[in-house]
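**Q** In this text, residue positions in the sequence shown follow my numbering: the first is 5, and each later residue adds one.
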Amino acid sequence: MTGTLTVPRIRERQVIRMVTMKDVAQEAGVSIATVSRVLNGKDRGRIKPEIARQIKRIAEDLGYRPNLVARNLKTRSSRILGFVSDEIATTPFAGRIMLGAQDAARELGYILLAVNTGNDPDLERRQIGIVRQYGADGFLYAMMYHRKVDVPEQLDDLPVVLVDAEDRAGARPSICPDEYGIGYTATRRLLDAGCRRIAYFGADVPIVAQSERLAGYRAALDESPIGYDDRLVLAIDEHDVHGDVPRLFDECRPDGVFCFNDVRAHLAYREANRLGLTVGRDLSVVGVDNQPFIAGILSPALTSVELPHYEMGYWSVRKLISLIERTGDSAMPEPSAVEGASSLLADLNLMLPAGIHAPLPSLTQDQAQISCVLVEKDSVAPVPQN
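#1: Would DSSP call residue 145 helix, strand or coil?
#2: Are three or more beta carbon pairs between the segment 236–247 and the segment 286–306 nearer than 8 Å?
#3: Cβ atoms of residue 290 and residue 263: under 8 Å apart, would you say?
#4: In the DSSP output, what is residue 263 paired with across the bridge?
#5: Let me confirm a value: residue 38 is counted as buried when at least 16 other C-beta atoms fall within 10 Å, else exposed. Which label applies?
#6: On the DSSP bridge assignment, give the partners of residue 170 in chain order.
#7: Just to check my reading of the structure: residue 191 and residue 225 have Cβ atoms closer than 8 Å, yes? What is that Cβ distance to the nearest angstrom?
#8: Once you ignore the five residues that flank residue 242 on each side, which residues in its own chain have a CB closer than 7 Å to its CB?
#9: Beta-carbon within less than 8 Å of residue 212's beta-carbon, same chain only, minus the 5 sequence neighbours each way: which residues are those?
#10: What's the C-alpha gap between residue 156 and residue 123?
#11: Out of 143, 125, 222, 168, which one is the CA nearest neighbour of residue 194?
#12: Does the count of Cβ pairs from the segment 24–35 and the segment 53–69 closer than 8 Å reach three?
#13: I'd like the list of long-range same chain contacts for residue 29, defined as Cβ closer than 8 Å, with 5 residues on each side in sequence excluded.
#14: Taking the Cβ atom as the reference point for each residue, do residue 328 and residue 208 lie within a distance shorter than 8 Å?
#15: Quick check: what's the CA-CA separation for residue 370 versus residue 320?
#16: So what does DSSP say about residue 350, is it helix, strand or coil?
#17: Which runs of the beta strand (DSSP E), 3 residues or longer, sit entirely within the segment 61–136?
#18: Helix or strand or just coil, what does DSSP make of residue 367?
#19: Just verifying my parser: in three-state terms, what is the DSSP assignment at residue 23?
#20: In this structure, how does DSSP classify residue 178 when only helix, strand and coil are distinguished?
#21: Which residue from 177, 108, 89, 136 puts its Cα closest to that of residue 120?
#22: Taking the CB atoms as reference points, tell me whether residue 166 and residue 132 lie closer together than 8 Å.
#23: Which of helix, strand or coil does DSSP assign to residue 245?
#24: Going by DSSP in three states, residue 329 sits in which element: helix, strand or coil?
#25: Hey, out of 204, 383, 101, whose CA is closest to residue 301's CA?
#26: Using C-beta distances below 7 Å, list every residue in its chain close to residue 230, excluding the 5 sequence neighbours before and after it, in chain order.
#27: What would DSSP say about residue 282, mapped onto helix, strand or coil?
#28: If you compare alpha carbons, which of 83, 130, 32, 102 is closest to residue 54?
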């Protein structure tokens with residue numbers, strides 16, 4: 005029997021050619037060197053902004069993607085940044101630090117690898133080791149609450165920037181909220197409303213955020229005619245398990261309360277309800293964090309100081325990259341001015357009152373602070389005149 009062997013046809017594989025800088029240069033009518041400077045973020049002060057924007061737009065339209073393998077072999081850089089946090093990555097409101105960090109990394113051609121340690125030292129050591137296996141060029145070391153920490157020895161040989169924390173040894177740069185300013189601004193707002201017995205519901209843990217907010221509170225009172233009274237100061241947990249808040253209200257009857265955070269503010273609301281007082285009329289309350297699931301749900305809505313989480317994340321990456329690449333402000337693209345940058349900040353602002361955006365400190369600063377904004381809602385009102 006004679007048969008015919010049918011040889012299957014091999015489908016020709018379509019080769020997709022990568023878009024190169026040369027393609028972008030030809031389309032833009034500029035040199036390859038000019039395209040290289042723009043796409044590598046080294047155009048500031050060398051190339052007109054309108055030309056840089058045009059080049060970035062053309063690169064995006066053509067689908068240009070940098071050859072990271074070639075770049076990394078040339079520079080011996082992975083363009084990977086490690087992000088180590090205690091619990092930020094799993095916390096909705098502080099997770100905005102991650103959004104800011106990711107935005108800045110993307111704008112500057114880096115990738116962020118984030119790990120969450122859950123405050124477990126052994127897990128932290130393992131997680132850092134894993135990220136280091138990817139050849140991370142540097143690390144962000146972030147904390148949930150502003151405090152002094154010891155940077156892990158595993159990171160001794162790499163650039164590190166601390167986020168919402170300070171290096172106990174004072175050797176590493178950091179970015180934090182202006183905690184003193186938070187306490188001062190919140191207390192000043194209550195004074196301006198006419199409050200004369202202003203309590204402070206502080207934290208019961210020895211962290212920088214607590215001591216500095218208390219210092220700002222005290223400074224504002226010391227400048228005022230009423231002065232500081234330590235009987236109005238409490239150091240309590242978020243549930244007031246010892247019942248200190250009712251005792252303070254019964255003994256001193258404050259007409260204003262500044263709270264370490266929004267969670268503690270609910271204790272003031274609870275006391276107002278117990279005593280038949282109305283928040284925003286008989287009692288004014290200011291919190292810190294502006295957490296949507298607290299400040300926006302309490303009735304009346306809580307006036308609160310907004311922490312600059314997004315800005316801290318954004319600045320920390322720019323600072324870290326300036327250390328890695330040994331550049332300063334002058335070599336960095338303008339913040340949030342990169343054509344084609346993520347719209348995360350615009351999206352983020354949908355969750356915040358319009359116009360809230362703290363100015364970024366200079367990258368030349370090593371212990372930088374970002375000022376915070378008081379978000380006015382309905383829990384502060386002029387004290388009724390008897």
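Just so it is clear, CB atoms sit at the ideal spot from N, CA and C, and this is done for glycine as well. Please read these numbers as outputs of a predicted model, since none were measured by experiment.
**A** Looking at the atomic coordinates:
#1: strand
#2: no
#3: yes
#4: 205
#5: buried
#6: 152
#7: 6 Å
#8: 267, 268
#9: 150, 151, 152, 170, 180, 183
#10: 13 Å
#11: 222
#12: yes
#13: 35, 36, 38, 39
#14: no
#15: 10 Å
#16: The predicted position of residue 350 is uncertain, since its pLDDT is 38 and thus under 50; a value taken from the coordinates is nonetheless stated next. Looking at residue 350 - three-state DSSP - the assignment turns out to be helix.
#17: 84–89, 115–120
#18: coil
#19: coil
#20: strand
#21: 89
#22: no
#23: coil
#24: coil
#25: 383
#26: 200
#27: coil
#28: 32
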